[in-house]
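S.K.:
Protein chains: 2
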Amino acid sequence: MITYLTLFKKEGVRLIKGNQRLLKKMNRTQVLDLIRREGPLSKAQLAERMKLTFAGVSKIVNDLESSGILFLRGEGRSSGGRKPALYALNATAFYVVAVDLSVDEIHVALMDLSTVTVDETCLAAPGDRTPRSYVEAVRLGVQTLLERSGIPRKKILGVGVSSPGPVNSVTGEVLYPPNLPLWNVVPLKERLEQELRMPVKVEKDANLHALGEKWFGAGRGADNLVYVLVGEGIGGGIVIEGSLYRGTPFGAGEIGHGTVDLHGPRCNCGNYGCLEVMASGLAVIRRIREKIRAGHASPHYPAPEKIQLSNVLKAFQCGDDLTIRELEETSRVIAAGLIGVVNSLRPDMLILGGKLSRGFPLMTDIVKGVIRERVVPALSEQLQIVKGELRDKSGLVGAAALVMEEIFTLQLK
Amino acid sequence: MITYLTLFKKEGVRLIKGNQRLLKKMNRTQVLDLIRREGPLSKAQLAERMKLTFAGVSKIVNDLESSGILFLRGEGRSSGGRKPALYALNATAFYVVAVDLSVDEIHVALMDLSTVTVDETCLAAPGDRTPRSYVEAVRLGVQTLLERSGIPRKKILGVGVSSPGPVNSVTGEVLYPPNLPLWNVVPLKERLEQELRMPVKVEKDANLHALGEKWFGAGRGADNLVYVLVGEGIGGGIVIEGSLYRGTPFGAGEIGHGTVDLHGPRCNCGNYGCLEVMASGLAVIRRIREKIRAGHASPHYPAPEKIQLSNVLKAFQCGDDLTIRELEETSRVIAAGLIGVVNSLRPDMLILGGKLSRGFPLMTDIVKGVIRERVVPALSEQLQIVKGELRDKSGLVGAAALVMEEIFTLQLK
DNA sequence: TCAACTTATTAAAGGCTGTTTATAAACTCC
DNA sequence: GGAGTTTATAAACAGCCTTTAATAAGTTGA
Chain X
-7 MITYLTLFKK EGVRLIKGNQ RLLKKMNRTQ VLDLIRREGP LSKAQLAERM KLTFAGVSKI
53 VNDLESSGIL FLRGEGRSSG GRKPALYALN ATAFYVVAVD LSVDEIHVAL MDLSTVTVDE
113 TCLAAPGDRT PRSYVEAVRL GVQTLLERSG IPRKKILGVG VSSPGPVNSV TGEVLYPPNL
173 PLWNVVPLKE RLEQELRMPV KVEKDANLHA LGEKWFGAGR GADNLVYVLV GEGIGGGIVI
233 EGSLYRGTPF GAGEIGHGTV DLHGPRCNCG NYGCLEVMAS GLAVIRRIRE KIRAGHASPH
293 YPAPEKIQLS NVLKAFQCGD DLTIRELEET SRVIAAGLIG VVNSLRPDML ILGGKLSRGF
353 PLMTDIVKGV IRERVVPALS EQLQIVKGEL RDKSGLVGAA ALVMEEIFTL QLK
Chain D
-7 MITYLTLFKK EGVRLIKGNQ RLLKKMNRTQ VLDLIRREGP LSKAQLAERM KLTFAGVSKI
53 VNDLESSGIL FLRGEGRSSG GRKPALYALN ATAFYVVAVD LSVDEIHVAL MDLSTVTVDE
113 TCLAAPGDRT PRSYVEAVRL GVQTLLERSG IPRKKILGVG VSSPGPVNSV TGEVLYPPNL
173 PLWNVVPLKE RLEQELRMPV KVEKDANLHA LGEKWFGAGR GADNLVYVLV GEGIGGGIVI
233 EGSLYRGTPF GAGEIGHGTV DLHGPRCNCG NYGCLEVMAS GLAVIRRIRE KIRAGHASPH
293 YPAPEKIQLS NVLKAFQCGD DLTIRELEET SRVIAAGLIG VVNSLRPDML ILGGKLSRGF
353 PLMTDIVKGV IRERVVPALS EQLQIVKGEL RDKSGLVGAA ALVMEEIFTL QLK
C-alpha cells in the first residue's frame, strides 16, 4: 500500500535533473520534514509555511496520504472558520536499521521513522578485531532483528552505520581508525551492501552524534550547531545550515585538534598542544596517574597504570577531591579550546556529549561560564550551550537520521 | 534592450514560492554562473553539466541571449559533427558599485560583471569620523562615478559595501566597530539606500575578501575555503559549499580569537591567549618595541612608541634581522593557530591575505610547512595553502561579488 | 568526392508541476 | 440564523522542461 518509495526511487538518475521532478521532490520532502519536526499540521499551515497555494499543498498532502506516509490525525482549532484537518507522519510507514560500531561493542537497532526502537541487539566486538568479523557480526545482528520483527525488507529504508575513525562518507570507506589497527582501508559500505542487499550509509561516529541531536535531540531548533564529544579523546561534529558538514573531501569536525598550548606536548595527530592532548579523558587519566605516582594518595583508584575513565568517573561520584579538581580544570581547558570554534563558526548551539561530559555534569556549566566570560557578550548571548539529550543512544539515532535523509531532505548531487 | 532584471525582479515575493518560477530562476542562474566561471560554453556542454535536455537549455540560453546578458561568441571545435555555437557572458550588461570602507579611506569603484573597473575614486575618511560623514562621502563618491561614467542607473545592479567591525548582514547594520568609536549601531544599508536609491548590501570586510577571492581570485576552484586576513589584527572569512558562511545570526569567521596559549595575555575580545593577541601585526609591533626598549638596537625603526606596521614591513625589506626573526616566529604561531581551523573545517583551500601576509611573503611557506608537518598527511595533502590574488582589491571585488549574487546564485529565504 | 556517421539546432507536441478560479462545506460570532 | 471566515475540492490554466521529429552542419574514411 505504501508507494512512496517507488514513487521516488523509480526516478533514478533522472531525479537530479533540474526539472519538475526536482520541484516535486523538493516540496514533498519539505512537507514531510515540516510535519516530522513540528508534529501534525494542517494543509493551510503548510501552505503558509511553504509559500505554496492551498490547492498545491492539498494535492501534495493527498498524494502523501494515499501513499501511506501521512495520515489524518484529528482536527485543529478553528479560528473563525471550518476546522482544519491535521496530518501527521505515519512513523511506521518505513523503518531503518541503525548500527553503532565501537571498538568493543556493536549495537544494532531497528527503528521506525520517529526513532522508536522496534528491536535491538548488542554484540560483543569480535575477538580478532578484523573488518571481516565485524561485517559478519553486523550481518548477523541485522538478520536477527529482521527475522524477529517480521518487518518486510521493502519497508526498510536502509542501514546507517556509525563508525569510529575517519570515514570517507562518499565511498563509505573507513580509513585507519586509530583504535582498530587491523582496519586499514575498509570499504564498509560496499561490504555491508553485499551482505545485506540494502542501501548502506557509513559516517564517522561524532558526525552522527551531531546529526542525531540535530534531528531528534537537543539540537532540533538549531541551524548551525557544533557537537563536542568528550570521552577518551575529543571529537566533534558540525551541522551547518541544517545539514552535516563534512569538509573536503571529508574529515571535518575534528575540533579536538586545534592548538591551545603553543608549547604543549605532541599529540598523535601530529600537532603540539592540541585540545585533545591537554584536556581529553586520557589527559585526565594521565594527570591523575602522575599525581598518584607523585604520592597523592586516593582510595578511589587502583594502581596508576590500571586507571581507566570509568575509575575516574566513579571517583568523581564518590566525591574524590583530586578527581574533582582535575575534571574542573579540564573543563576549563575544553572551554578555552571551544572559544576558537565559537568565534569561527558562531553556531547557535554547542552540544556537549560523550562519556566524560555525561559523567561529569558540571562540565556544561563550566564551559558555559568560561564562554560567557570570554566571548563578546552580544554574540555569546545568542549561543545556547547544552548537554546532549540522547546520551548513549546518539550514535544509533544519528545513524537512523542519516538514512532518513533519503525521505526528509532534498539531496542534490 | 536588456530585460533580464525586469524578467526576475518582477516576480517579487512570489519568486520564493516552491514553484516553477523557482525552477526557472535556478536554471537561469546556473547557466549564467557556469558561463561566468568557465568562460564561453555551448548549449550541449551546458546541457551535459546541468543534467537538462539540450532543448531545455536551448530555450534558456536563447532567452538569456535575447535579454542581452549572454552573447554568441564564436564557435567551438567539432568532435565529429556540427560545430557548437559558444555563448559568453556580456559583462557590460550590468554594473555594480563596490565600496570599501576602512578607518582612514573610502574606496568606491564602478565595475562590470567581470570586475573590470570602469572608474574608481578614493576619498580620505572624514575627519570627524561620524557615520553621517562617511555616508555623505560614499554618496558623493558614487554620484561622481555615476556621472563621470554616464552609465544609466538601470544598468546598476546595486551597491556592495565592505565595512570593518561586526556587521549584521541581514539588517545591514554595523555594530560597534572597534576602530570607529563613534559608530555604535549604524544602519548603514538603510542610510545608504535612502541616499542612493539603489539596493545596498553591507558585509564585514574579511567576509568580502573571502568572497572576492572565491569568485574572482585564488579561490575560484574551492568549495570550502577559509580566508585569513593578517594585518594589524587577524580576521577571517569562511566560504562553505560555495557561499559565504555567516553563522547565527552573523559574526562567523573570527578565526583570530581562538585560544592558542592557555596562559596568554588578555585580548580585547575578552579571551586570553588568542591568536590575535599572540601573532597579529600589533603583536609583532609590541614585541619589536619591547626588544628595542630592552636595548636591541635597529637602524630601521623610529622611537618605539612610533613604530607602525609599515615600519616593520620596511625593516623586513631592508633585511633587518630582528624583524625577520619576529615575522618568522609570528608566522609559525599563526600556522599553529590555523591547525585548529583546518582540522575543524577541513577546507580545500586556505588563502592568506592582509597587509602583513603581503608584506612578508614567506608567511605562506612557513604556514604551509607547519601545517604539512602537523596535520594528518592524508588530509593535509588535499589542502591548498595560497596567497590571496586580489591584493588590495579584494575588498572591492568581494563587495562587487556580493551584489552579483543577485544574478549568479539562487538566493532562497 | 561522397556516403555514413556524428553533433548541433529548431520547432511542435506533450507531460507534469503548481496556480487560478469557482464552488461548496464547515465553523464562529453576533 | 445569517454574515463573515476558514478549509476543502475540482476543473481549467500557465509555465516549466521533455520528447520527438526534422533539419543543418560538421567529420571521417574509402
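Residue numbers (our numbering), protein chains in the order written: chain X, -7 to 405; chain D, -7 to 405. Quick reminder that beta carbons are idealized off the backbone N, C-alpha and C, glycines included.
Leaving aside the five residues before and after residue 195/X along the sequence, list all residues of the same chain whose C-beta is less than 8 Å from its C-beta, in chain order.
M.R.: Start at 1 with the first residue of the first sequence, and residue 195/X comes out as number 203. 152, 153, 154, 155, 159, 161, 203, 236, 390, 391 and 394, listed in sequence order.
S.K.: So which residues of chain X does residue 397/D contact, with C-beta pairs closer than 7 Å?
M.R.: Start at 1 with the first residue of the second sequence, and residue 397/D comes out as number 405. Going along chain X, no residue has its Cβ under 7 Å from residue 397/D, so there is no contact; the nearest lies around 16 Å.
S.K.: Looking only at DSSP bridge pairs, what is residue 102/X linked to?
M.R.: On the first sequence, residue 102/X is found 110 positions in, with the first residue counted as 1. According to DSSP, which records beta bridges pairwise, residue 102/X is partnered with 89/X and 111/X.
S.K.: Drop a sphere of 10 angstroms on the beta-carbon of residue 214/X, count the other beta-carbons inside from all chains shown, and report buried for 16 or more, exposed for fewer.
M.R.: Taking the first residue of the first sequence as position 1, residue 214/X is located at position 222. Label assigned to residue 214/X: buried.
S.K.: So residue 127/D and residue 184/D are supposed to be a Cβ contact under 8 Å. How far apart are they, rounded?
M.R.: Within the second sequence, numbered from 1, the residue matching residue 127/D stands at position 135. Within the second sequence, numbered from 1, the residue matching residue 184/D stands at position 192. Indeed they touch by this definition, with Cβ atoms about 6 Å apart.
S.K.: Which ranges would you report for the beta strand (DSSP E) in the stretch 335 to 384 of chain X if only whole runs of at least 3 residues count?
M.R.: Fully enclosed beta strand (DSSP E) runs of 3 or longer: 341 to 345 and 376 to 379.
S.K.: Report back the beta-carbon spacing between residue 193/X and residue 206/X to the nearest angstrom; my notes put them in contact at under 8 Å.
M.R.: What you label residue 193/X is simply residue 201 of the first sequence in a count that begins at 1. What you label residue 206/X is simply residue 214 of the first sequence in a count that begins at 1. Not confirmed; about 16 Å, so no contact.
S.K.: Can you tell me the Cα-Cα spacing of residue 298/X and residue 179/X, whole angstroms?
M.R.: Here residue 298/X refers to the residue found at position 306 of the first sequence. Here residue 179/X refers to the residue found at position 187 of the first sequence. Using only the alpha carbons, I get a separation of about 35 Å.
S.K.: May I ask which residues mark the beginning and end of the alpha helix (DSSP H) holding residue 131/D?
M.R.: What you label residue 131/D is simply residue 139 of the second sequence in a count that begins at 1. Residues 123 to 141.
S.K.: If you run the structure through DSSP and keep just helix, strand and coil, what is residue 21/D?
M.R.: Numbered from its first residue, the second sequence carries residue 21/D at position 29. Residue 21/D: helix per DSSP, three-state reduction.
S.K.: Please state whether the Cβ-Cβ distance between residue 396/X and residue 105/X is less than 8 Å.
M.R.: Numbered from 1 along the first sequence, position 404 holds the residue referred to as residue 396/X. Numbered from 1 along the first sequence, position 113 holds the residue referred to as residue 105/X. For residue 396/X and residue 105/X, yes; Cβs fall inside 8 Å.
S.K.: If you measure between the beta carbons of residue 261/X and residue 250/X, is that distance less than 8 Å?
M.R.: Translated into positions along the first sequence, residue 261/X becomes position 269. Translated into positions along the first sequence, residue 250/X becomes position 258. In this structure, residue 250/X does not lie closer than 8 Å to residue 261/X by Cβ.
S.K.: With a cut-off of 8 Å, does the C-beta of residue 21/X fall near any C-beta of chain D?
M.R.: Here residue 21/X is taken as the residue at index 29 of the first sequence, counted from 1. Judged by the 8 Å Cβ criterion, residue 21/X is not in contact with chain D.
S.K.: Measuring only the C-alpha atoms, how far is residue 60/X from residue 68/D?
M.R.: If you number the first sequence from 1, residue 60/X lands on position 68. If you number the second sequence from 1, residue 68/D lands on position 76. Cα to Cα, residue 60/X sits roughly 51 Å from residue 68/D.
S.K.: Alpha carbon to alpha carbon, what distance is there between residue 165/X and residue 292/X?
M.R.: The count along the first sequence starts at 1 and reaches residue 292/X at position 300. The count along the first sequence starts at 1 and reaches residue 165/X at position 173. Straight-line Cα distance between these residues: approximately 42 Å.
S.K.: Is any non-hydrogen atom of the ligand NAP found closer than 7 Å to the C-beta of residue 354/X, if you look at the structure I gave you?
M.R.: Within the structure as shown, the ligand NAP is missing, as the structure has no ligands at all.
S.K.: Between the stretch 352 to 383 of chain X and chain D, which residues of the former have a C-beta closer than 9 Å to a C-beta of the latter?
M.R.: Here the close residues are 365, 366, 367, 368, 369, 370, 371, 372, 374 and 375.
S.K.: Go through the stretch 186 to 224 of chain D residue by residue and report every complete run of the alpha helix (DSSP H) that reaches 4 residues or more, in order.
M.R.: Listed in chain order, they are 197 to 208.
S.K.: Please report how far the alpha carbon of residue 304/D lies from the alpha carbon of residue 122/D, in whole angstroms.
M.R.: Within the second sequence, residue 304/D is the residue found at index 312, counting from 1. Within the second sequence, residue 122/D is the residue found at index 130, counting from 1. So the alpha carbons of these two residues sit roughly 30 Å apart.
S.K.: Against chain X, does residue 232/D count as a neighbour if the rule is that its beta carbon must be under 8 Å from one of theirs?
M.R.: Working through the second sequence from its first residue, we reach residue 232/D at position 240. Interface residue, yes.
S.K.: Can you give me the Cβ contacts of residue 307/D inside the same chain, cut-off strictly under 6 Å, excluding the 5 residues immediately before and after it?
M.R.: Translated into positions along the second sequence, residue 307/D becomes position 315. Answer for residue 307/D: 292 and 315, listed in chain order.
S.K.: Since I believe residue 217/X is in contact with residue 369/X (beta carbons under 8 Å), could you give me their beta-carbon distance rounded to a whole number of angstroms?
M.R.: Start at 1 with the first residue of the first sequence, and residue 369/X comes out as number 377. Start at 1 with the first residue of the first sequence, and residue 217/X comes out as number 225. About 21 Å separates the two Cβ atoms, so there is no contact after all.
S.K.: For residue 286/D, which residues does DSSP report across the bridge?
M.R.: By 1-based counting over the second sequence, the position of residue 286/D is 294. In the DSSP output, where bridge partners are listed per residue, residue 286/D has none listed.
S.K.: Of all the beta strand (DSSP E) runs that stay within the bounds of the stretch 217 to 282 of chain D, which reach a length of 3 or more residues?
M.R.: Segments of the beta strand (DSSP E) lying fully in the stretch 217 to 282 of chain D: 217 to 222 and 226 to 232.
S.K.: Are the beta-carbon atoms belonging to residue 323/X and residue 359/X less than 8 Å from one another?
M.R.: Translated into positions along the first sequence, residue 323/X becomes position 331. Translated into positions along the first sequence, residue 359/X becomes position 367. Their beta carbons are under 8 Å apart, which means residue 323/X touches residue 359/X by this criterion.
S.K.: Should residue 62/X and residue 44/X be called a contact, given that it needs their Cβ atoms to be closer than 8 Å?
M.R.: For the purposes of this step, residue 62/X is taken as residue 70 along the first sequence, with counting starting at 1. For the purposes of this step, residue 44/X is taken as residue 52 along the first sequence, with counting starting at 1. No, they are not a contact pair.
S.K.: Less than 8 Å between CB atoms is the rule here; does residue 338/X satisfy it with respect to chain D?
M.R.: Here residue 338/X corresponds to residue number 346 of the first sequence, with the count starting at 1. Chain D contact via Cβ: present.
S.K.: Could you name the residues that DSSP lists as bridge partners for residue 156/X?
M.R.: Taking the first residue of the first sequence as position 1, residue 156/X is located at position 164. Looking at the DSSP assignment, residue 156/X forms no beta bridge with any residue, so it has no partner.
S.K.: Just to confirm, is the Cβ distance from residue 344/X to residue 231/X under 8 Å?
M.R.: Position 352 of the first sequence, counted from the first residue, corresponds to residue 344/X. Position 239 of the first sequence, counted from the first residue, corresponds to residue 231/X. Taking 8 Å as the Cβ cut-off, residue 344/X and residue 231/X do not qualify as a contacting pair.
S.K.: Determine which residues share a DSSP beta bridge with residue 76/D and list them.
M.R.: As a position in the second sequence, residue 76/D is number 84, starting the count at 1. Beta-bridge pairing links residue 76/D to no other residue.
S.K.: Using a C-beta cutoff of 8 Å, does residue 79/X count as contacting chain D?
M.R.: Here residue 79/X refers to the residue found at position 87 of the first sequence. For residue 79/X, the answer is no, since every Cβ of chain D falls outside 8 Å of its Cβ.
S.K.: In whole angstroms, what is the alpha-carbon distance linking residue 148/D and residue 21/D?
M.R.: Taking the first residue of the second sequence as 1, we reach residue 148/D at position 156. Taking the first residue of the second sequence as 1, we reach residue 21/D at position 29. Residue 148/D and residue 21/D: Cα-Cα distance of roughly 18 Å.
S.K.: So the beta strand (DSSP E) residue 65/D belongs to, where does it begin and stop?
M.R.: The sequence position of residue 65/D within the second sequence is 73, counting from 1. First-last of the beta strand (DSSP E) with residue 65/D: 62 to 67.
S.K.: Using alpha carbons as the reference points, say which of 118/D, 108/D and 320/D lies closest to residue 96/D.
M.R.: Numbered from 1 along the second sequence, position 104 holds the residue referred to as residue 96/D. Ranking 118/D, 108/D and 320/D by Cα distance to residue 96/D puts 118/D first.
S.K.: From this set, 14/X, 283/X, 275/X and 34/X, which residue's C-alpha is nearest residue 75/X's C-alpha?
M.R.: On the first sequence, residue 75/X is found 83 positions in, with the first residue counted as 1. Looking at the Cα atoms, 34/X is the closest of the given residues.
S.K.: What did DSSP end up calling residue 83/X once you bin it into helix, strand or coil?
M.R.: Along the first sequence, read from residue 1 onward, the residue named residue 83/X stands at position 91. Three-state result, residue 83/X: coil.
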